[in-house]
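Structure, as structure tokens:
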Amino acid sequence: MTAVPERDHDPDTTDYDGDQLELEERLSLRRVAGMSTQLADVSEVEYRELQLERVVLVGVWTAGSQEDADNSMAELKLLAETAGSEVLEALVQRRTHPDPATFIGRGKVDELHEVVVATGADTVIADGELDPAQLRNLEDRLQVKVIDRTALILDIFAQHARSVEGKAQVELAQLQYLRQRLRGWGGNLSRQAGGRAAGGAGIGGRGPGETKIETDRRRIKTRISILRKKLRELDGVRDTKRQERRRHQVPSVAIVGYTNAGKSSLLNRLTGAGVLVEDALFATLDPTTRRTQTADGRVFTLTDTVGFVRHLPHDLVEAFRSTLEESTEADLLVHVVDASDPDPAGQIRAVRDVLAEIGAGSISEQLVFNKIDLATPETLTTLRTLDPRAVFTSARTGAGVEDLRARVEERLPRPEVEVRALVPYARHDLIDKIHRAGEFLTTEHTAEGTRVVVRVHPDLAGELEEYAE
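67 is the number of the first residue of the sequence shown in this note's numbering; add one for each residue after it.
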């Protein structure tokens, strides 16, 4: 064999094999220490865990007491945690009005940026509704994602929507909110200029015309139209059910109140409905209606409605208007308040504001303070001064539930026509109708039939007229 001469290591000679590395070194990735945004730099993979979104809250205190500002931030913290985040810090600035450019002012943005860097946060949540310009300016200055209170509530609704109607309502509210806040290249991509007479660039200046952001807006507008048509169809189904109840003269009671005040728990206590109960904000979005009856046999319906919150987004109220109409059609509103909340009077004001906005402010209201097992005796004494006719309950222990049931039965609308009749035994169907929709005053069984004195609605009074005495 002829020996192959050893190659000289000439630097100009190309080495096509390259540097040969050990297999383990070539297949591995080296972690660069100190690059994590976490406060504690964790190196071992077995000690890492799934991290929640880390947020810093920021608010502007424009009116009211410091306690009101603290309660508002505490509620924002609960909303953020419900959405699935970890709150690291909360900042409040006292101003007469929010800054039109950055919400909190140029100097405070720099301080907020220092807090974001120090805590390793990746999101800032503002306690208020931000204008598109404020949103853009804050994100440019802070270099992290910025959302406002409205977007946070919409996100929670999107997580909790279960029914077809609920999902459509949430999507409609989100699109209405997003339509005014689309960001992109804007007019920079639009080259539709026209000729020199129009002040354009003439030949070569005509471009595609519609920009990406304009296309997105058009698609959002089309999707909103589709959703509104879909919701109108679903409204027809709900309205048919309402008309059926009205035709049979069935009284209706709507349970309204602040979110997480215990409305669903009370509905389960009163009717055994089995509605989802969870210690979370906006756990129930879809209204649930159950039939029940009074001690004397009168049938009525109880409806659990979506909870309210301070500064409920207008787009959300508009999208859920068909659902909230269950409250406007009710004969009695059972207004549930969390007795253990730091600011129950603020809850009452917030709920009544929304009720007035949807046209239910004039309906009879029964105030109920729930969760009395979590409230102190001093707090309960103070709450009794807000409304002498209020009922105090605990859906968890059952305390006061029977008092609430009796109060609801007492305040239900009563039939207006009194009739004295001798109903033949062959017309037992009339006796059944009286049991369902009327009220017996006296009953006597005779050889000819059942002699009754009842209070009924005009339609049923007409059916009893031929047997009247």
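Using N, Cα and C, we set each Cβ at its ideal position, and we do this for glycine too.
Could you tell me if Tyr243 is buried or exposed, where buried requires 16 or more neighbouring beta carbons within 10 angstroms of its beta carbon? buried
Identity of the residues DSSP links to Asp165 by a beta bridge: Looking at the DSSP output, Asp165 bridges to Phe169.
Counting only C-beta atoms, is Lys295 closer than 8 Å to chain B at any point? No chain B is part of this structure, which consists of one protein chain only.
Over the uninterrupted beta strand (DSSP E) stretch that includes Thr189, give me the two end residues. 189-192
Expected contact under 8 Å - CB spacing of Phe366 and Thr358 to nearest Å: 7 Å
Just how far apart, CA to CA, sit Thr325 and Ala456? 19 Å
Please report the straight-line C-alpha distance between His501 and Gly363, rounded to a whole angstrom. 6 Å
By DSSP, does Ile222 sit in helix, in strand, or in coil? In the structure shown, Ile222 sits in a helix (DSSP, three-state: H, G or I).
Provide the residue span of the beta strand (DSSP E) that contains His380, from first to last. That residue, His380, is in no beta strand (DSSP E); its alpha helix (DSSP H) goes 380-385.
Rounded straight-line distance, which links the Cα of Ala135 to that of Asp525: Cα-Cα distance, rounded: 54 Å.
Quick check: the Cα distance between Phe348 and Leu421, rounded to an integer number of angstroms? 17 Å
If you draw a straight line from the C-alpha of Asp165 to the C-alpha of Gln200, how long is it? 9 Å
DSSP state of Gln240, grouped into three classes? helix
Is the segment 187-202 close to the segment 228-237, with three or more CB pairs under 8 Å? no
Taking the CB atoms as reference points, tell me whether Arg335 and Val183 lie closer together than 8 Å. no
Please work out which residues of its chain come closer than 7 Å, Cβ to Cβ, to Ile414, disregarding the five sequence neighbours upstream and downstream, and give them in chain order. Excluding its 5 nearest sequence neighbours in each direction, Ile414 has C-beta neighbours in its own chain below 7 Å: Val403, listed in chain order.
Sort out for me which residues DSSP pairs Thr508 with in a bridge. Val519
Quick one: is Glu72 buried, meaning 16 or more other Cβ sit within 10 Å of its Cβ, or exposed? With a pLDDT of 49 at Glu72, under the threshold of 50, the modelled position of this residue cannot be trusted; read the value that follows with caution. It counts as exposed.
Could you tell me which residues DSSP pairs with Gln132 in its beta bridges? In the DSSP output, where bridge partners are listed per residue, Gln132 has none listed.
Integer-rounded CB distance, given that Leu496 should sit under 8 Å from Arg517: Rounded, the Cβ-Cβ distance is 13 Å, inconsistent with contact.
What would DSSP say about His179, mapped onto helix, strand or coil? helix
On a Cα-Cα basis, can you pick out the residue from Phe435, Ser393, Thr447, His377 that is closest to Ser428? Measuring from the Cα of Ser428, the nearest candidate turns out to be Ser393.
Quick one: Cα of Thr185 to Cα of Ala146, how far? 17 Å
Three-way DSSP call (helix, strand, coil) for Gln309 in this model: Judged by DSSP in its simplified three-state form, Gln309 adopts helix.
Can you check whether the CB of Ser430 is closer than 8 Å to the CB of Arg477? yes
Going by the CB atoms, is the gap between Leu382 and Phe169 shorter than 8 Å? no
Going along the chain, which residues of its own chain have a beta-carbon closer than 8 Å to the beta-carbon of Ala239, five neighbours each way excluded? Leu220, Phe223, Pro379, Asp381, Leu382, Glu384, Ala385, Phe386
Can you list the beta strand (DSSP E) stretches of 3 or more residues lying completely in the segment 414-470, in chain order? Qualifying beta strand (DSSP E) stretches, in chain order: 431-436.
Using 8 Å for Cβ pairs, my map puts Val400 next to Val434. What's the rounded Cβ distance? 6 Å
Alpha carbon of Gly528 to alpha carbon of Ile438, nearest angstrom: 47 Å
Continuous beta strand (DSSP E) stretch holding Ser151: start and end: That run of the beta strand (DSSP E) goes 151-160.
Would Arg285 be called buried (16 or more neighbouring beta carbons within 10 Å of its own) or exposed? So Arg285 ends up on the exposed side.
Residues bridged to Asp370 (per DSSP): Ile321, Thr354
Under 8 Å, do Thr459 and Leu470 count as touching if we go by C-beta distance? yes
Roughly how many angstroms separate the alpha carbons of Glu391 and Glu531, rounded to a whole number? 36 Å
Contact set for Gly150: own chain, Cβ-Cβ below 7 Å, skip 5 residues either direction: Leu118, Glu119
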